[in-house]
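In my numbering, the protein residues as written are 9 to 418.
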């Protein structure tokens, strides 16, 4: 291996021989002697040789400098060439990655039929995994890339979709972000009543109202826990169900109840509190249309029960009559034969009045702190609701609502 001195010598010594170097060292020695004041003067020919030696030394330094500059230039050249090579490699790598990405996606348009369900709470990674397992897309990466390119992460719809096997990821994204493509599934929204849910499932399946009534009225069906006291209201967990492919009405009802129980357990609700929590949460969900107020409504329920006051909530009264709160008449509000008339009957109603969602249940488990006893939604369009513990202030809020109704006739 050539060392640094050898490399410099390649540029500085050229074809000089060893005897020339020997002479140069001798002359250098003479120069050293001449620099000593006590030494005798050199003869003329030796002084001339000394001058030549100094000249050759300066030339040798210049040659070394030129050699160093040349080496640096070569290194710089290699660096520039390396940069060009790096760019070539980078472009080739990107091309390879792109080709590999394309190879991880089906070209489409697909084959066969797949009923694919996206549930409430499913994120893109869960959807990607489910699509791969269903044979719809070739890889999770291809789907996630398609979602990114379409900026569709917040546009994915909950529901059931008619897809195919071996579709391109872009095709899938286009369908599952389009609400009009949702089909063949039962979607339960928080707050919906059982009667509305059963009507919806009858429309999308081959099962009749009578099929469901037979299950709901069967005291020995073994679907509900004992604490439910045989009443299914509130026990259908909101979400999306593949009802179209169910084998029976019983299977559909069993799925909804099983998911409800699983959710209550996940929220750490003890079994002896299932019924009470669902009743309270269903009232919270029905009384206001903004989740921001759930915690306060929950506290009003607790405060009124603690003071042995009737709940006085019209949504409960209306449920007992199979109508909506806006349809109530004064006669109905004073009808004590309605077991759900909580203007007259104290305590909680006999059952839930709808199927509450997570937010309402959590509000019941952790009510906001406050002394409120009343609340009035003063704007039915925006849902603005005002709370108070004063009878007089409550009456003022009622007047405000009545004026809004006059200004906004339905």
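By construction, the Cβ of each residue, glycine as well, lies at the ideal position given by its N, Cα and C atoms.
State the DSSP-derived secondary structure class of residue 318, mapped to helix, strand or coil. coil
What do you reckon, are the CB atoms on residue 341 and residue 326 nearer than 7 Å? no
Among residues of its own chain, excluding the 5 on either side of residue 359, which ones have a beta-carbon nearer than 7 Å to its beta-carbon? 239, 241, 242 and 287
Between which residues of its own chain and residue 397 is the CB-CB distance below 6 Å, once the five residues before and five after are set aside? 379, 380 and 381
Contact check, residue 372 vs residue 265 under 8 Å by CB: the rounded distance? Not confirmed; about 19 Å, so no contact.
Pairwise C-alpha distance: residue 405 and residue 296: 15 Å
Residue 148 to residue 130, Cα distance in whole Å? 14 Å
Compare the C-alpha of residue 261 against each of 278, 275, 230 and 290 and name the closest. 230
To which residues of the same chain is residue 200 closer than 7 Å at the C-beta, ignoring the five residues directly before and after it? 362 and 363
Taking its Cβ as the centre, do 16 or more other Cβ atoms sit within 10 Å of residue 345, making it buried, or is it exposed? exposed
Residue 321, buried or exposed, once every other Cβ within 10 Å from all chains shown has been counted against 16: buried
Per-residue DSSP class, three states only, for residue 348: coil
Need the endpoints of the alpha helix (DSSP H) that residue 381 sits in, please. Here residue 381 belongs to no alpha helix (DSSP H), and DSSP marks it neither H nor E.
Can you say whether residue 76 is buried or exposed, counting buried as having 16 or more other CB atoms within 10 angstroms of its CB? exposed
Assign residue 179 to one of two classes, buried (16 or more other C-beta atoms within 10 Å of its C-beta) or exposed (fewer than that). buried
If the criterion is Cβ atoms closer than 7 Å, does the pair residue 164 and residue 184 meet it? yes
Alpha carbon to alpha carbon, how far is residue 212 from residue 220? 13 Å
Let's test the definition: count the other Cβ atoms within 10 Å of the Cβ of residue 175 and tell me whether it reaches 16, buried, or not, exposed. buried
Three-state secondary structure (DSSP) of residue 302: helix
CB-CB under 6 Å to residue 292, same chain, minus the five flanking residues each way: which ones, in chain order? 302, 305, 306, 368 and 371
Contact set for residue 401: own chain, Cβ-Cβ below 6 Å, skip 5 residues either direction: none
If you draw a straight line from the C-alpha of residue 418 to the C-alpha of residue 411, how long is it? 13 Å
Name the one or two DSSP bridge partners that residue 124 has. 169
Sequence-distant residues of the same chain with beta carbon closer than 7 Å to residue 413, five excluded per side: none
Taking the alpha-carbon positions, what's the residue 317 to residue 308 distance? 11 Å
Delimiting residues of the beta strand (DSSP E) encompassing residue 393: 393-396
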